[in-house]
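Worksheet for the structure shown next.
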Amino acid sequence: MDTVALDYNQDGRMDYVGVLQMEGSDIPLKTPRILFALASSEESGYRLDFQDENLIRTRDEGGVFGDPYVPLTAGETTFTTNAYGGSAWRWSEAYTYAYRDGGWYLSKSHTTYGYGPMITSETLDDYETGVGIRRERRSDIENPENLDSDEFDLDYQVRLDAPPDIVQAGKRWWLSPDRLTDCPVKTITIADGIDLDRSAITLPLDGAIHYRDENVILYTFSTPASETNYLACYQEDGQSLTVAAQSTEEMPNFDACLAYKGKIYYAMDVTALVHLRGADQTSVPSMDTVAQKLFRMNPDGSGKQELFEYRIAAPGETIDDEYLPYLSMSCEITGDEIILQVYVGGRPHPYYRMDLDGGNVREIGFLPDEN
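When you line the sequence shown up against my numbering, it's residues 69 to 439, in that order.
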């Protein structure tokens, strides 16, 4: 499908990096594409250096735009995968991998998202310097002429961890769960305090996968017999599955699930009865999401800690509005630091950074509401 030539191992002979695609009218659009490298060898001609099915978007992962594939580019000892897609809202991706010490590592990445030519979100990671840049702008799609293309509402830096190798990068990519075909389970454990029959446990490929890396898969599932949701942790190295947490009536949903350095992090809605008072001054009782909390725990469900809470109403409070705003959290954890965005519908969205234990909370800034 595509190849680039480069002498990445610096032996004076040309090597190749390419992408393979299965051809045929009966081949599903979601069939993975294979990224591979061939290293020259004086003895045998060429040898397969690596192959990976996670790193290239499939033909149906470009949205209305169609096939998102953009040809590979190459430097002296690097190559870059590129993709572009969307519709009115468009995105782009460029990931650069460098060959060093006999292996491939993610060196740089650049992703954008926006409306037409207006970029509303941009991420640049440079693993050579260890610095990542995050830029966010409100999405004023009705009056884009009012936005300065060079000015963002938020522009901040993060510390990066060590560069992932190409296998780690592939499994950490947010689309990699779609490539999963097998998750063999040897052992199943149910954490203390969780009332669940083993026969009711949903396996990873049948659950809602929230996160994947080179060893961990986090997913949620529920049982037909109840409204309880469960958070499960699958660890590939031991093919072990642990049902680590369950929802409660007060905290019914899991969100923002991820793993970092041996801990699981996740957010949960907090619901309570409040009273909503509209323009006619009539007070109506309503069970609503009044807060979100961020937690962390060990993969076996022990050591649960509450790290952060963002609250918009207290239980029993009377709110002078017909509804409460939609509330959700999203997290990035890098460089031993949590970067937390709180989305608050109809209001500015705050961004925070904090230590891994929830301490030393600092406000990064606010993303203005779109309206």
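All C-beta atoms in this analysis are idealised placements derived from N, C-alpha and C, irrespective of residue type, glycine included.
- Exposed is the label assigned to Leu341, since fewer than 16 other Cβ atoms lie within 10 Å of its Cβ.
- Taking the Cα positions, Glu190 is about 26 angstroms away from Gln360.
- When only Cα atoms are considered, Ala73 and Tyr84 end up about 5 angstroms apart.
- Cα atoms of Arg280 and Ala347: separation of roughly 46 angstroms, rounded to the nearest angstrom.
- Per the Cβ contact rule, the region 257-265 is not in contact with the region 230-242 (fewer than 3 Cβ pairs under 8 angstroms).
- If you check the CB distance, Gly153 and Gly131 come in under 8 angstroms.
- Within the same chain, and ignoring the five residues on either side of Gln236 in sequence, the residues whose Cβ sits closer than 6 angstroms to its Cβ are Glu282.
- Under a 10 Å Cβ-count criterion, Glu317 is classified as exposed, with fewer than 16 other Cβ atoms of the shown protein chains found around its own Cβ.
- Counting only runs of 3 or more residues that sit fully inside the region 140-179, the beta strand (DSSP E) segments are 146-154 and 157-168, in chain order.
- DSSP lists Val85 as the beta-bridge partner residues of Val72.
- Burial state of Leu116 is exposed, judged by a 10 Å Cβ sphere holding fewer than 16 other Cβ atoms.
- Counting the other CB atoms within 10 Å of its CB gives Pro272 a total of 16 or more, which places it among the buried residues.
- Taking the Cβ atoms as the reference, Tyr173 lies roughly 7 angstroms from Tyr165, within the contact range of under 8 angstroms.
- Counting C-beta pairs closer than 8 angstroms gives three or more between the region 326-336 and the region 361-372, which meets the contact rule.
- If the five residues before and after Asp128 are omitted, its C-beta is found closer than 6 angstroms to the C-beta atoms of Leu97 and Lys98, all from its own chain and listed in chain order.
- Contact between the region 390-399 and the region 285-299 is absent, with fewer than three C-beta pairs closer than 8 angstroms.
- Counting every other CB atom within 10 Å of its CB across the protein chains shown gives Gln409 a total of 16 or more, marking it as buried.
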